[in-house]
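Residue numbers (the numbering used here): 162 to 531.
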Amino acid sequence: MTDAVSFNYLMKGQLEYLSNSGEYQITLISGGDNKQRSVLENRNVGKYIYFPFSRQINIKSDILCLFKLFIFFAINRFDIVVYSTPKALLLGSISSFLTFQKKRIAIVRGRIYENYSGRKRKFFESLDKLSLMISTKSIFISKSLQQKFLEEKIVNVTKSKVLLHGSSNGLDIEWVSAPLKLDEILKLKNKINYKECDFVTVCVGRVCIDKGIVELEKIFNNLKHLPEFKLILVGRLEDEVATSIVSRLSECDNFFHFDQVSDVRCFFKLANLHLFLSHREGFGNVALEAAGFNVPTFGFDVVGIKDSVCDGVSGKLFPFQDTEQILKEVKYYISSKEELRNYYSKSFDWATKNFRSTIVWEAYEKEFSK
């Protein structure tokens, strides 16, 4: 993967499952900062090798990484090479193909160019087309994502598949049900000056334009005058627009921003609603986490999110960027918290029935062992 943080968040528990099975010797390759690399190494799930991948295009660095990967795969032979996240998928597919690694699996988690157009989109499409063409198999983490790739003829139907109902890691029920320290919840309540009459809305994930920070500001500005409304944003700031918006919103008493955290359970314990305004996803696993706490998700009806939110069961889907309709729904439920809870009371049952993590991990293990 491009960044160690992806191993730590997107394969939480799954690497341990594979390692503990005794059937695999795992080698992990990624870039990332020292903190996330240290976390990954301390998980003791396999051998870790650092490569200086960058998420952004850097021709000199990318060519160097490709050359290093080529040398690495020429010397080391594997039964399976699995690559995922855009930069690692591109470089990993090319280097493992050129060195004749016998089984090369692409796990497609999304695409950064979902809302691009013109030549820029065609360029990125061609890179994905190359990567998937030279892979022996492509696993898509949602049906809507696979459908887009098939419609645009980026991948061949015979070489692509979705496991079960989608997702790459599922919902860890043990994580959901594990007891939380009372002082952690009390600490969070104190930070947001929580009252029982409050309507707490959370938004969890990377904070940038593509993840809906502009739409979030519009919604908040129309609700900030309501004393019972509180908005909690949890995630890393990733662009100047997001930094500017969060700075403005932080001047209000009912807006709270927390940096990326390893455990978001406290936030979902207090939440009445989860807003998921992302413009694109491979599969919105955070919506499953919200459902694990019976917190409904309101999001856009776009690729990836429509697979992770069951409309009318675990939340509600809205036309892309239709903040007016979302605003109308949220306003109504602020004064009807019990009705909101009751209407979406089957969220947990739906999530555990379709996306229990152990079932998802088992499906991937079977795919690797074929």
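We treat Cβ as the ideally placed atom computed from N, Cα and C, and that holds for glycine.
Leaving out five residues on either side along the sequence, give the residues of the same chain with a beta carbon under 7 Å from the beta carbon of residue i.
i: residue 160; result: With the chain represented from 162 up to 531, any question about residue 160 goes unanswered, as that position is not in the structure.
i: residue 243; result: 266 and 268
i: residue 517; result: 331, 332 and 334
i: residue 367; result: 396, 397 and 399
i: residue 513; result: 332 and 334
i: residue 213; result: 192, 222 and 226
i: residue 413; result: 385
i: residue 341; result: 426, 427 and 430
With DSSP as the reference, identify every bridge partner of residue i, one or two as the case may be.
i: residue 188; result: 208
i: residue 419; result: 395
i: residue 299; result: 267 and 321
i: residue 458; result: 435 and 476
i: residue 332; result: 517
i: residue 390; result: 360
Just to confirm my understanding: we take residue i, look at its own chain, exclude 5 residues before and 5 after, and list those with CB closer than 6 Å. What are they?
i: residue 365; result: 395, 425 and 447
i: residue 471; result: 511
i: residue 359; result: 389 and 391
i: residue 416; result: 392 and 410
i: residue 419; result: 395
i: residue 455; result: 508 and 509
i: residue 371; result: 440
i: residue 296; result: 254, 265 and 267
Quick one: what does DSSP say residue i is sitting in, helix, strand or coil?
i: residue 481; result: coil
i: residue 364; result: strand
i: residue 245; result: strand
i: residue 233; result: helix
i: residue 293; result: helix
i: residue 164; result: strand
i: residue 215; result: coil
i: residue 260; result: coil
i: residue 350; result: helix
i: residue 531; result: coil
i: residue 413; result: coil
Excluding the 5 residues flanking residue i on each side, which residues of the same chain have their C-beta closer than 8 Å to its C-beta?
i: residue 409; result: 378
i: residue 235; result: 260
i: residue 350; result: 431
i: residue 237; result: 188
i: residue 407; result: 368, 374, 394, 398 and 418
For the ligand COA, I want to know if residue i counts as a neighbour, meaning its beta carbon is within less than 8 Å of at least one of the ligand's heavy atoms.
i: residue 350; result: The ligand COA is absent from the structure shown, which contains no ligand whatsoever.
Hey, does residue i have any beta-carbon neighbour from chain C nearer than 9 Å?
i: residue 526; result: Chain labels in this structure do not include chain C; a single protein chain is all it has.
* Asked: At a cut of 8 Å, does the region 434-441 reach the region 456-466 through at least three beta carbon pairs?
  -> yes
* Asked: Would you say the region 215-230 touches the region 277-293, given that touching needs at least three Cβ pairs under 8 Å?
  -> no
* **Sufficient close CB pairs (3 or more, under 8 Å) joining the region 288-298 to the region 472-479** => no
* Asked: Would you call the region 246-259 and the region 204-218 touching, i.e. three or more CB-CB distances under 8 Å?
  -> yes
* On the three-pair Cβ rule with 8 Å, is the region 166-179 touching the region 187-206? -> Yes, since at least three Cβ pairs between the region 166-179 and the region 187-206 fall closer than 8 Å, the two stretches touch.
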